[in-house]
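Structure first, then comments.
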Amino acid sequence: MGSSGICLIPSFVIVLCCIQAHLLNSQNLTCSSKDLISLRGLLEGLDSSVLDWDQDSADCCRWLGIKCMSSFALGLNESGATDLGQRIVQLNLSNTGLKGILPKYLGGLDQLRILNLSSNSLSGALPPDLFQLHNLEVLDLSRNVFSESFPSIVNLPSIQVFNISSNSFTGSQPILVGSRNLTSFVISHNLFSGPINSSICESSPLLQVLDLSSNNFIGKIPIGFRKCESLTDVLLHSNNLSGNLPEDLYELSSVMRLQLHKNRLSGDLNPMVQNLSNLVHLDISNNSFSGAIPEIFTNLRKLEYFSAGSNYFTGSLPASVTSSTSLLHLDLRSNLLNGSIDLNCSELVVLRYLDLASNQFIGPIPDNLSVCSKLEIINLGKNNLKGLVPSSLKNLQALSYLSLSHNALFNISRALEILQHCSNLSTLVLASNFYGEAMPGDQIQEFSSLRVFSMPNCNVSGKIPSWLSNSTMLKVLDLSRNHLTGTIPAWLGSLLDLTYLDLSDNFLAGEIPLNLTEISSLIQENSPLIARFQKTEELMFNEFFTLPPSIKLRGNRLSGNILPEFGQLKLIHILDLSSNCLSGAIPQNLSGMENLEILDLSNNSLTGRIPNSLTKLSFMSLFNVANNHLEGPIPDGGQFSTYDKTQFEGNSGLCGMYFLPCGQPQAPSSATPGKQVKKSGISSVGLPFGLGAAVGFLLTITVCFMRGFYSKGKGFGGKLNSLRTFSPITANDNTHDDCPNVESGSTVLSQETIWNWPVPASSKTICFVMFTWMSTPNVKGFFCVKACRVSLFLFECEISDVHEFASDQICQYLNPRSMRCFNSTSDLILCLQGKTGGYDEWTRYLLSSPTSKRLKTAPYSIYENIQKTCLAIIGVCDFEKPASEQRIGGKD
């Protein structure tokens, strides 16, 4: 070895000795006195009792959440600093329960690199000296309750990660001056407003994450984002952005996640989106995009998540969608897509989520869906699909959620026999299919994993199927609006997890079984109130997730007393026993349902008094006992002062509050007993349930009772046993001056017939229904809807626009594209469901009507109610049809 090498050895030893000496000395150094003063000042404005800090100790570097570095390591000794203690470089007090307002002392921690105060309850405005921390690289104030306006310009030259999300900051989008090293800018879930500023890409060219979501930004997405060449995540969703997408957005070839959903963006989807070759997640749902979905999927080889639901896309499914071999999630629900569902599942080998609901797809359910063997969620509801459920679906062993609702499927027995082989199926929705079929019996054995079974509005007959007793994990059961008969089976009470039961609007009879009051999930304090599902993704959209714990038995023929044992259902939120034949007194024990929000006992034959104990139900927002035989004072405590008068009407013996003072004799009714009628269908429920419901209810009552329809047990009238006191007015009936004269001998099916019903003397409301039936001898075997005139007059006199809306328009708009005839009642049913396009036009009309503001309900539920109205008319017309074929019509 040469002399030069020998000379290097002492120098190397000297350096090692110096470093070791510094490390030994730094271990003995306490934190800087300057930092100690700042920390103690910081604690003055906060509730710091949750911090395990020894404030008497001079060594703050040992305190929880603090990390220090020596002044030597920070190079501060070279600047002539006299305080050579350890300096605080990291303050991490995330999720420590801090409360209060940040004081101004933060500025004293001038060597701070990381400040994390996230997930606390810090509030108020931010101190100005926070933005004097020029060495700060990471600022995380997310998930607090900060408010006030955020500074529009911030000078943090060393900042790399900036996160102030999930607060209540206001103002415009903050501009970070000189932040050349910024890689993540997250200000989501605040109250920022104004236009988006793309200048951040000029000052921060290294930006990778841009999250402006869930604010109030308006206007167009600006140009200029092409300068952020490193962007991987662009999150602009949940704002009020509008207009077309700028073309330079398609030049961000490094973008992996683009989320633009829940805005007001419009125009066609530019085919240039296929230039985003690294795209993994694309969400443009809940906007106003239109036109055809371009063939973009061939080049998007990495795409796993594509959601374009709730737009106005037209045309058929893009053929290139099957080229996305990485696609896991495909959501195109609520568009105007049509044609057949043509998916080449041989390429979609990893697809797990398929949602094509609420479109205009036609034809059968594709048989090759089973090739997508990893499918867990399928939603094909609310389309125009028809035919059988393909037998190949039984091969989908990963399937957990299946909705085929509101189509034109048939053969329910076959469908259930096939689907019972899907061993992981937990949610099955078959609503509005299989019209008029019989519910299958004991040949169904499986469905052991079923948690949700929803099959309302199918008009299926038979009894409540006993095979459901094997679905021991069932949480939601909805068989409402069918023609089920028999009694309520006792085994329902053995479904320990059942939280939602709806058997409304059937023909069930007998007494309510005691077992129904013993459902443990509605009794036990530690029971889950909401159905739990196996798949996290299913949980995100499953409409059954938010159903309140309920038992709904309205509109049947149930008899006997109300079980006092209902009072032990402490966790139930809704109990609806209305429109049955229940008798006896209202049990005092019902006050035990301490979480009850809705109790509807209207339209029964209950007697006795309203128990004072019900005033203890402090969460009850709706209590309805209209049209019973109750008497005595209405309780005046608790929530009772908030209930509407109509919820007590039809009980001649009640007094107090809205009625005569207790002890004062009741005035004799001006109407004969034969003319009393129960009006729960209108006034006791109110307008939020839709005018259509009221019309449907009244027409059904009127027609069925007048023609003896109820007594023959046919059609809708078979359920109206509680309306036995109804009768029409005659030519000699002049009880109400407002009622027009009716010619003596007028008949239901030949000319206008007008009915009215008396109301309590204290009410100004007088209601009657008028409609017209006409014969059409030249149309053989057809039923035709053409301006079926239905009028509601004097419907709560103060509401002036109701009659304007209802008159001459209810049936006229059911199929406005073509006033056509239908070969059969079933064809008409399809029309009423929107299968011929009538629903879209009806919805547009309804939303443009001034009355829609009063209805406060979704268009779909309104159209369902209108469907019930005309189905009631068709049912009667079919039953009463004379030799010459009839036609539903009206006068111009």
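FYI, the numbering for the sequence shown is 299 to 1190, going by our numbering. C-beta: ideal position from N, C-alpha, C; glycine also.
* What first and last residue would you give for the beta strand (DSSP E) that runs through C643? -> Taken as a continuous stretch (DSSP letters only), C643 belongs to no beta strand (DSSP E), as it is neither H nor E.
* For D566, collect the residues of the same chain with a Cβ closer than 6 Å to its Cβ; drop the 5 residues on either side in sequence, then sort them by chain order. => G589
* To do: Look at the Cβ atom of L420, then the Cβ atom of K397, and state whether they are nearer than 9 Å.
  => Taking 9 Å as the Cβ cut-off, L420 and K397 qualify as a contacting pair.
* Can you tell me which of the three DSSP states M367 falls into? => Strand.
* With distances taken Cα to Cα, identify the nearest neighbour of P449 among R441, F429, N433 and Q458. => Ranked by Cα distance from P449, the first of R441, F429, N433 and Q458 is F429.
* To do: Measure from the alpha carbon of D531 to the alpha carbon of each residue in L556, S416 and L635, then state which is nearest.
  => L556
* Under the three-state reduction of DSSP, which class applies to R411: helix, strand or coil? -> coil
* Would you kindly check if the distance between the Cβ of E500 and the Cβ of K525 is under 9 Å? => Contact: yes.
* Locate the beta strand (DSSP E) running through E809, then write down its first and last residues. => Run containing E809: A807 to E809, per the beta strand (DSSP E) assignment.
* Asked: Quick one: what does DSSP say Y610 is sitting in, helix, strand or coil?
  -> Looking at Y610 - three-state DSSP - the assignment turns out to be strand.
* Asked: Would the beta-carbon of I282 fall within 9 Å of that of L510?
  -> The question about residue 282 has no answer here: the residues shown for the chain are numbered 299 through 1190.
* If you check the beta carbons only, do K518 and N537 fall under 9 Å apart? -> no
* Asked: How many angstroms separate the CA atom of C670 from the CA atom of N584?
  -> C670 and N584: Cα-Cα distance of roughly 27 Å.
* By the 10 Å Cβ neighbour count, where 16 or more other Cβ atoms means buried, how is F917 classified, buried or exposed? -> exposed
* With DSSP collapsed to three states, give me the class of G492. => strand
* Flag this pair as touching only if the stretch 750 to 763 and the stretch 771 to 781 have three or more C-beta atom pairs under 8 Å; answer yes or no. => yes
* Leaving out five residues before and five after S445 in sequence, what residues of the same chain have Cβ atoms less than 8 Å from its Cβ? -> Spatial neighbours of S445 in its own chain (CB-CB distance under 8 Å, excluding positions within 5 residues in sequence) are listed in chain order as S421, G422, A423, N465, S466, F467 and T468.
* **Proximal residues to P933 (C-beta, below 8 Å), its chain only, five neighbours per side dropped** => I908, P909, N910, L912 and T913
* Separation of L897 from G890, as counted between CA atoms -> 13 Å
* Compare the beta carbon distance of P787 and P811 with 9 Å and say whether it is the shorter of the two. => yes
* **S900 beta carbon less than 9 Å from that of A883** => no
* Secondary structure of T815, DSSP reduced to three states -> In this structure, T815 counts as helix in the three-state DSSP scheme.
* To do: With DSSP collapsed to three states, give me the class of T844.
  => T844: coil per DSSP, three-state reduction.
* Asked: Considering only the beta carbon of each residue, do G936 and G858 sit closer than 9 Å?
  -> no
* Asked: So, F483 versus L489, is the Cβ gap smaller than 9 Å?
  -> no
* Asked: Run through DSSP, which three-state label would A736 get?
  -> It is a strand residue.
* Could you tell me the boundaries of the alpha helix (DSSP H) in which L634 lies? => Segment L634 to S638 is the beta strand (DSSP E) holding L634; no alpha helix (DSSP H) there.
* Asked: Would you call Y651 buried or exposed, if buried means 16 or more other Cβ atoms sit within 10 Å of its Cβ?
  -> buried
* Using three-state DSSP, classify G1043 as helix, strand or coil. => Its pLDDT being 32, under 50, G1043 is placed unreliably by the model, and nothing is read from it.
* Counted within 10 angstroms of its Cβ, other Cβ atoms place H704 as buried (16 or more) or exposed -> buried
* Count the other CB atoms, across all protein chains shown, that sit within 10 Å of the CB of Q822; report buried if there are 16 or more and exposed otherwise. => Exposed.
* **Span of the beta strand (DSSP E), counted from its first residue to its last, around S881** => C879 to G882
* G343, enclosing beta strand (DSSP E) - first and last residue -> Note, G343: premise wrong, no beta strand (DSSP E); not H, not E.
* **Closest residue to S502 among V459, N433 and L344 (Cα-Cα distance)** => V459
* Asked: What residues are listed by DSSP as bridge partners for I516?
  -> N538
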